[in-house]
Amino acid sequence: EDNSTTISTSDNGRSSSSKKSKRRGSKHDDNARQQASANNSKLLEAWNIAKSDLADIISKQVTVGTLIKAEGSGEKGSENPPLACITALNLHTHKNSSSINFIGTFLKKKAPPQFKHTFNRVWSEGIAGKKQVGLLVQARLINIPPSCVPVLQTELAKDLEWAQENEDTQALKKSFAFDSFVYVTRAYYPLDYEDAQTTQQDGHGAKGKKEKSRTKKGFEEKKRERMWFHFEDEVFERHATIKFDYSLKAKTDKSQGIDLVDQDQVIMVIPASKWMTIQQEVAMML
Numbered sequence: 002e003d004n005s006t007t008i009s010t011s012d013n014g015r016s017s018s019s020k021k022s023k024r025r026g027s028k029h030d031d032n033a034r035q036q037a038s039a040n041n042s043k044l045l046e047a048w049n050i051a052k053s054d055l056a057d058i059i060s061k062q063v064t065v066g067t068l069i070k071a072e073g074s075g076e077k078g079s080e081n082p083p084l085a086c087i088t089a090l091n092l093h094t095h096k097n098s099s100s101i102n103f104i105g106t107f108l109k110k111k112a113p114p115q116f117k118h119t120f121n122r123v124w125s126e127g128i129a130g131k132k133q134v135g136l137l138v139q140a141r142l143i144n145i146p147p148s149c150v151p152v153l154q155t156e157l158a159k160d161l162e163w164a165q166e167n168e169d170t171q172a173l174k175k176s177f178a179f180d181s182f183v184y185v186t187r188a189y190y191p192l193d194y195e196d197a198q199t200t201q202q203d204g205h206g207a208k209g210k211k212e213k214s215r216t217k218k219g220f221e222e223k224k225r226e227r228m229w230f231h232f233e234d235e236v237f238e239r240h241a242t243i244k245f246d247y248s249l250k251a252k253t254d255k256s257q258g259i260d261l262v263d264q265d266q267v268i269m270v271i272p273a274s275k276w277m278t279i280q281q282e283v284a285m286m287l
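The sequence shown begins at 2 in this note's numbering and counts up one residue at a time.
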């Protein structure tokens with residue numbers, strides 16, 4: 002009886018301890034989720050402020066930057082909607098802006114260990130004015146004809162050349178003689194997960210494990226066959242001296258006409274000396 006009582010008490014103690022441990026673990030998970038949600042909210046709020054600031058900077062830089070608008074499509078009394086744009090913003094010139102500070106802090110955190118030092122140096126030298134580093138900003142509607150891309154790139158080169166010769170001060174002239182561009186873009190991976198999963202489930206026993214392993218390897222290799230939203234990004238990547246990425250939340254984007262299983266945000270540092278070569282290679286792709 003004594004032993005029975007002792008065992009019973011011990012079991013109850015373990016059961017009670019286990020329940021307490023689960024409660025503590027659940028509470029910890031809840032706190033972690035709440036903290037993550039709060040951090041995401043703060044990040045989103047900061048980005049919304051930064052986006053507004055970035056739009057202001059772009060609109061006020063009149064000497065460098067090109068905007069393509071629809072012709073005759075606006076309602077009476079309203080402006081025609083923009084279709085595409087391209088510009089380059091000097092990091093040192095705008096070092097005190099909330100948008101440049103936000104983008105710089107965010108990208109430096111996302112840089113992987115093997116690129117962190119080199120990317121941080123490029124960004125820091127740009128902010129300090131030791132090098133002329135530009136944030137390359139380009140955007141366009143997905144259904145804009147590809148032939149517009151070389152036009153945008155040519156106009157940016159003309160704008161930079163004009164600014165280097167005609168800006169009011171030597172400091173402004175120098176600010177547009179870029180050494181490099183930091184470019185942020187997106188890529189995607191079109192892949193049918195169902196086909197991969199079906200193949201993995203066909204095997205049995207040891208053979209099934211081997212088949213699954215082989216399929217998984219093939220799946221991973223195929224997943225790395227990255228596609229670009231903007232075809233010219235393939236050329237940018239080829240000439241980038243620094244390039245890294247981080248994963249974005251997988252989603253389906255029906256506007257692209259394809260299922261986007263996974264997406265990456267891609268960051269590149271592109272030498273300005275390669276701009277003419279990039280223009281030529283992009284034009285040859287059309």
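Virtual Cβ for every residue (Gly too), placed ideally from N, Cα, C.
Can you round the beta-carbon distance between residue i and residue j to whole angstroms, since I take them to be within the 8 Å contact cut?
{"i": "Thr186", "j": "Asp234", "result": "5 Å"}
{"i": "Val236", "j": "Glu282", "result": "5 Å"}
{"i": "Trp163", "j": "Thr64", "result": "7 Å"}
{"i": "Glu156", "j": "Thr278", "result": "That belief does not hold up - the Cβ atoms of Glu156 and Thr278 are roughly 17 Å apart, past 8 Å."}
{"i": "Arg141", "j": "Ala85", "result": "3 Å"}
{"i": "Lys111", "j": "Trp124", "result": "Incorrect: roughly 12 Å between the Cβ atoms, too far for contact."}
{"i": "Phe103", "j": "Trp48", "result": "7 Å"}
{"i": "Ala178", "j": "Ser100", "result": "Going by Cβ atoms, the distance from Ala178 to Ser100 rounds to 22 Å, so no, they are not a contact pair."}
In three-state DSSP terms, what is residue i?
{"i": "Ala112", "result": "coil"}
{"i": "Glu282", "result": "helix"}
{"i": "Ile268", "result": "strand"}
{"i": "Leu173", "result": "helix"}
{"i": "Ile59", "result": "helix"}
{"i": "Arg227", "result": "coil"}
{"i": "Asn91", "result": "strand"}
{"i": "Trp276", "result": "helix"}
{"i": "Thr64", "result": "coil"}
{"i": "Ala178", "result": "coil"}
{"i": "Ala188", "result": "strand"}
{"i": "Ser70", "result": "With the sequence shown as reference, residue 70 is identified as Lys, and Ser is not the correct amino acid for it. Lys70: strand per DSSP, three-state reduction."}
{"i": "Leu287", "result": "coil"}
Suppose you measure from the CA of residue i to the CA of residue j; what does that come to, to the nearest Å?
{"i": "Lys218", "j": "Ile69", "result": "Because the pLDDT of Lys218 is 44, which lies under 50, any placement of that residue in the model is unreliable, and the number read from its coordinates should be weighed accordingly. Using only the alpha carbons, I get a separation of about 44 Å."}
{"i": "Glu238", "j": "Glu80", "result": "35 Å"}
{"i": "Lys250", "j": "Gln266", "result": "10 Å"}
{"i": "Ala172", "j": "Pro191", "result": "46 Å"}
{"i": "His231", "j": "Leu153", "result": "13 Å"}
{"i": "Ser98", "j": "Asp169", "result": "22 Å"}
{"i": "Asn91", "j": "Ile128", "result": "8 Å"}
{"i": "Gly130", "j": "Ile243", "result": "20 Å"}
{"i": "Ser60", "j": "Asn144", "result": "23 Å"}
{"i": "Gln62", "j": "Asp160", "result": "11 Å"}
{"i": "Glu226", "j": "His118", "result": "27 Å"}
{"i": "Glu175", "j": "Met286", "result": "A quick correction: the sequence has Lys, not Glu, at residue 175. Distance between the alpha carbons of Lys175 and Met286: 33 Å."}
{"i": "Phe120", "j": "Gln280", "result": "24 Å"}
{"i": "Arg122", "j": "Ser53", "result": "27 Å"}
{"i": "Arg58", "j": "Gly105", "result": "The question names Arg, but residue 58 in the sequence shown is Ile. Cα-Cα distance, rounded: 16 Å."}
{"i": "Ala46", "j": "Lys96", "result": "According to the sequence as given, residue 46 is Glu; it is not Ala. Rounded to whole angstroms, Glu46 to Lys96 spans 20 Å at the Cα level."}
{"i": "Glu222", "j": "Phe107", "result": "For Glu222, the pLDDT reaches just 45, beneath the cut-off of 50, and the residue's location in the model is therefore unreliable, although a value from the coordinates is still provided. Rounded to the nearest angstrom, the two C-alpha atoms are 29 Å apart."}
Sorted by chain position, which residues of the same chain lie with C-beta nearer than 7 Å to residue i's C-beta, five sequence neighbours on each side aside?
{"i": "Ala241", "result": "Met269, Val270, Ile271"}
{"i": "Trp276", "result": "Ala158"}
{"i": "Phe182", "result": "Ala89, Gly135, Leu137, Ile271, Ala273"}
{"i": "Glu126", "result": "Lys132, Val134"}
{"i": "Tyr184", "result": "Leu137, Phe237, Met269, Ile271"}
{"i": "Asp180", "result": "Lys132, Gln133, Val134, Ala273"}
{"i": "Pro113", "result": "Phe245"}
{"i": "Glu2", "result": "Note that Glu2 scores a pLDDT of 41, beneath 50, so its modelled location is shaky; the value from the coordinates is reported in the next line. Answer for Glu2: no residue qualifies."}
Who are the Cβ neighbours of residue i in its own chain at under 6 Å, not counting the five residues just before and after it?
{"i": "Ala207", "result": "The predicted position of Ala207 is uncertain, since its pLDDT is 38 and thus under 50; a value taken from the coordinates is nonetheless stated next. Once the five neighbours on either side are set aside, Ala207 has no close Cβ partner at all."}
{"i": "Gln139", "result": "Ile87"}
{"i": "His247", "result": "Per the sequence shown, residue 247 should be read as Tyr rather than His. Within the same chain, Tyr247 has close Cβ partners Lys111, Gln266."}
With residue i as the anchor, note down where its beta strand (DSSP E) starts and where it stops.
{"i": "Asn167", "result": "Note, Asn167: premise wrong, no beta strand (DSSP E); alpha helix (DSSP H) at 149 to 167."}
{"i": "Asn81", "result": "Looking at the DSSP string, Asn81 is not in any beta strand (DSSP E), and its letter there is neither H nor E."}
{"i": "Gln139", "result": "134 to 141"}
{"i": "Lys96", "result": "First-last for Lys96: undefined, no H or E at that position."}
{"i": "Ile243", "result": "243 to 249"}
For the alpha helix (DSSP H) holding residue i, just list the boundary residues, first then last.
{"i": "Phe237", "result": "234 to 240"}
Under the criterion of a Cβ to heavy atom distance below 7 Å, does residue i qualify as lining the ligand COA?
{"i": "Glu235", "result": "The ligand content of the structure shown is nil, which means the ligand COA is not present either."}
Here's a check: name, in chain order, each residue in its chain whose Cβ is nearer than 8 Å to the Cβ of residue i, leaving out the five neighbours to either side.
{"i": "Arg215", "result": "Unreliable positioning characterises Arg215 in this predicted model, as indicated by a pLDDT of 38, which lies under 50. A coordinate reading is not provided."}
{"i": "Thr199", "result": "Only weak support is given to the placement of Thr199: the predicted model assigns it a pLDDT of 43, under 50, and the question is left unresolved by the model."}
{"i": "Ser148", "result": "Leu287"}
{"i": "Ala284", "result": "Pro151"}
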